[in-house]
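Enquirer: Line order of the protein sequences matches chains A and B.
Residues 1 to 239 (our numbering) are what the first sequence spells out, left to right.
Residues 1001 to 1239 (our numbering) are what the second sequence spells out, left to right.
2 protein chains.
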Amino acid sequence: MRPVGILGGMGPEATIQLMRNVLQAVDARDDSDHVPLLVHQNPQVPSRIKSLIEGRGENPKPVLTAMARHLERAGAKALAMPCNTAHHYANAIEAAVDIPFLNMIDITAQSLAMSGSGNIGMLASPATRMTGVFDRAFKSHGFSPVWVEDEARLLDMIRLIKSGKTAGLEKKLGEQARNLVELGAEHILVACTELSLLSGNLTLQVPVTDSLDCLAESIVGFAKGNGISIWSDPKTKSR
Amino acid sequence: MRPVGILGGMGPEATIQLMRNVLQAVDARDDSDHVPLLVHQNPQVPSRIKSLIEGRGENPKPVLTAMARHLERAGAKALAMPCNTAHHYANAIEAAVDIPFLNMIDITAQSLAMSGSGNIGMLASPATRMTGVFDRAFKSHGFSPVWVEDEARLLDMIRLIKSGKTAGLEKKLGEQARNLVELGAEHILVACTELSLLSGNLTLQVPVTDSLDCLAESIVGFAKGNGISIWSDPKTKSR
């Protein structure tokens, strides 16, 4: 199997959740059936929210490209990054290495395309909206994003999850999701890996897709070399 | 903080459990408060059980020493390995690198020494007993290990956990622990990281220590540089 390098730590619990998803996606009889990963659990990547929303603090880009190169040198045959907002730096990461980058945004849009829904309700960080991380992929599939009315509240929830204070937040996430349905969303996308930690019990009248699940499936597919994954091909990345 | 390299994948779920323990040991307000880790989640390390008990299959040692060197080159400032049996190869791992190895066996024995117990009931793989992984550390603290009567049954449980079939095993682990108390154990040691996945709800009349918890505490201490960890010092390792 081909080891996949994980640009992790954004946040660290989401990285652990991804590893758990990868584990659960394999029907293993022994350790050796599982997918090999090289995980840089780096919670010291500069805050994407500070840099992109507040315009202050250190730029995460050089840290992410250095992590990418280091994972490639360590033997990773592809890279993946369990943080939607950090995909703002996806082009720089791809340019830094010669191995494929399993782009969670593209993989997720591909998965959504199978559902036939048009209006996608976004449970995402305001930084994801402001930086247009999903814009290109959504446009190419004809999706319209639907954003929550009170995104400051959603950002507060993300901050609370990062500080480990999750009590009562599952209920609040459900309220935000129902708000999106009221606003016309036909499909809910969990597009923040912190929110992925709370979204397991969402019960809604519309389908729910989690970008972290889509990424896990792609990692397993790549590792096993069975060609079900989609990823940016380094040979064509300068198109 | 100083990143700690994890020789992981033995099994992969135990490595995830260690990462979770490290996360929970930190009172974080944001991502950046958490401990950085470089994790080689390598489920393809040759089976320790096959090599040590059955005398067949590939030797895990060269794989483990290569992983150690690679984690050192990747920037790890210390190494740790969440697999008790694999500590059979601890000397080779230490010899392969110039950074400290946070030896889970020594750290665990140190922790047990604070309890004042003498007879330690071992919930461990037969491979751990046969290779005498705990012998030196136990001798230096004056501990006597107590082993279960039916170790084939314990090995079956470990194999079932590795294949994801954990239904009913918590109860069976409790029976094994009570057997150890009947045989004179004053303190139960969970000394197999697969069994650590099931030991959270053990209710016994004697205290329970889990080597994986001891290692997580040591990793956090080392990363924060607060000197509470014990580890083998590379400068003195040839004594």
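We put the beta carbon where it would ideally sit given N, CA and C, even for glycine.
Computed from a prediction, not measured in an experiment: that's the story for all the values here.
Among the candidates B/Phe1134, B/Leu1198 and B/Ser1047, whose CA atom is the shortest distance from the CA of A/Ser32?
Expert: What you label residue 32 of chain A is simply residue 32 of the first sequence in a count that begins at 1. The shortest C-alpha separation from A/Ser32 is found at B/Ser1047.
Enquirer: Taking C-beta pairs closer than 7 Å, name the residues in chain B that A/Ala28 reaches, listed in chain order.
Expert: By one-based count along the first sequence, residue 28 of chain A stands at place 28. Under the 7 Å cutoff, chain B gives Ser1163 and Gly1164.
Enquirer: Measure from the C-beta of A/Ile158 to each C-beta in chain B and report whether the shortest distance is under 8 Å.
Expert: For the purposes of this step, residue 158 of chain A is identified with residue 158 of the first sequence, where counting begins at 1. No, because no Cβ of chain B sits closer than 8 Å to the Cβ of A/Ile158.
Enquirer: Grouping DSSP H, G and I as helix and E and B as strand, with all else coil, what is B/Arg1002?
Expert: Walking along the second sequence from the start, residue 1002 of chain B turns up at place 2. Three-state result, B/Arg1002: coil.
Enquirer: Any idea which residues DSSP pairs A/Ala78 with across the strands?
Expert: Here residue 78 of chain A refers to the residue found at position 78 of the first sequence. Paired residues: A/Val4.
Enquirer: Given that B/Val1146 touches chain A, what residues does it touch there, using C-beta distances under 7 Å?
Expert: Translated into the one-based positions of the second sequence, residue 1146 of chain B becomes position 146. Within 7 Å Cβ-Cβ: nothing; B/Val1146 doesn't reach chain A, min ~28 Å.
Enquirer: Can you find at least 3 beta carbon pairs, one from the region 1103-1113 of chain B and one from the region 1128-1139 of chain B, that sit closer than 8 Å?
Expert: The answer is yes - the region 1128-1139 of chain B touches the region 1103-1113 of chain B, with three or more Cβ pairs under 8 Å.
Enquirer: According to DSSP, is A/Asp210 helix, strand or coil?
Expert: For this step, residue 210 of chain A is matched to residue 210 along the first sequence. Correct three-state label for A/Asp210: strand.
Enquirer: Nearest chain A C-beta to B/Asn1084 closer than 8 Å, yes or no?
Expert: Within the second sequence, numbered from 1, the residue matching residue 1084 of chain B stands at position 84. By this cut-off, B/Asn1084 is not an interface position.
Enquirer: Just confirm the distance between the C-beta atoms of A/His187 and A/Gly132, as a whole number of angstroms; I'd bet it's less than 8 Å.
Expert: The count along the first sequence starts at 1 and reaches residue 187 of chain A at position 187. The count along the first sequence starts at 1 and reaches residue 132 of chain A at position 132. Not really, about 19 Å apart at Cβ, beyond 8 Å.
Enquirer: Using 8 Å as the limit for Cβ to Cβ distance, is A/Glu72 near chain B?
Expert: Taking the first residue of the first sequence as 1, we reach residue 72 of chain A at position 72. Not one chain B Cβ lies under 8 Å of A/Glu72.
Enquirer: Using the Cα positions of B/Glu1170 and A/Leu169, report the straight-line distance between them to the nearest angstrom.
Expert: The count along the second sequence starts at 1 and reaches residue 1170 of chain B at position 170. The count along the first sequence starts at 1 and reaches residue 169 of chain A at position 169. Each residue's alpha carbon lies about 30 Å from the other.
Enquirer: Closer than 7 Å between beta carbons: that is the criterion. Which residues of the region 6-31 of chain A meet it against chain B?
Expert: Listed by position along the chain: Gly9, Met10, Gly11, Pro12, Glu13, Ile16, Met19, Arg20, Leu23, Ala28, Arg29, Asp30 and Asp31.
Enquirer: Could you have a look at B/Val1190 and say whether DSSP puts it in helix, strand or coil?
Expert: As a first step, residue 1190 of chain B must be located in the second sequence, where it is residue number 190. The answer is strand: DSSP assigns B/Val1190 an E or B state.
Enquirer: Can you pull the chain A residues whose beta carbon is under 7 Å from the beta carbon of B/Gln1041, in chain order?
Expert: Within the second sequence, the letter at position 41 stands for residue 1041 of chain B. The answer, in chain order, is Met19, Pro36, Leu37 and Val39.
Enquirer: Pull up the DSSP beta-bridge partners for B/Leu1123, would you.
Expert: As a working note, residue 1123 of chain B is residue 123 in the second sequence. According to DSSP, which records beta bridges pairwise, B/Leu1123 is partnered with B/Val1190.
Enquirer: Does B/Asp1213 pass the burial test, meaning 16 or more other C-beta atoms within 10 Å, or should it be called exposed?
Expert: Against the second sequence, residue 1213 of chain B aligns to sequence position 213. It is buried - the Cβ of B/Asp1213 has at least 16 other Cβ atoms within 10 Å.
Enquirer: Using the Cβ count rule (16 or more neighbours within 10 Å means buried), how would you classify A/Asn201?
Expert: Indexing the first sequence from 1 puts residue 201 of chain A at position 201. So A/Asn201 ends up on the exposed side.
Enquirer: Distance, Cα to Cα, B/Ala1109 vs B/Ser1199?
Expert: Position 109 of the second sequence holds residue 1109 of chain B. Position 199 of the second sequence holds residue 1199 of chain B. Going by the C-alpha atoms only, they are around 19 Å apart.
Enquirer: Contact criterion: CB-CB distance below 8 Å. Does A/Ile219 meet it with respect to chain B?
Expert: By 1-based counting over the first sequence, the position of residue 219 of chain A is 219. Taking Cβ atoms only, chain B never reaches closer than 8 Å to A/Ile219, which makes this a no.
Enquirer: Is B/Gln1110 close to chain A, meaning its C-beta is less than 8 Å from at least one C-beta of that chain?
Expert: Here residue 1110 of chain B is taken as the residue at index 110 of the second sequence, counted from 1. No, no contact with chain A.
Enquirer: Report the option in B/Gly1008, B/Val1035 and B/Pro1145 whose CA atom is closest to the CA atom of B/Glu1217.
Expert: Start at 1 with the first residue of the second sequence, and residue 1217 of chain B comes out as number 217. Ranking the options by Cα distance to B/Glu1217, first place goes to B/Val1035.
Enquirer: Three-state secondary structure (DSSP) at B/Arg1239?
Expert: Stepping through the second sequence from its first residue, residue 1239 of chain B is reached at position 239. For B/Arg1239, the predicted structure reports a pLDDT of 28, less than 50, and the residue's modelled location is therefore unreliable. A value from the coordinates is still provided. Of the three classes helix, strand and coil, the one that applies to B/Arg1239 here is coil, per DSSP.
Enquirer: Does DSSP put B/Ser1115 in a helix, in a strand, or in coil?
Expert: One-based indexing of the second sequence puts residue 1115 of chain B at position 115. DSSP places B/Ser1115 in coil when its eight states are reduced to three.
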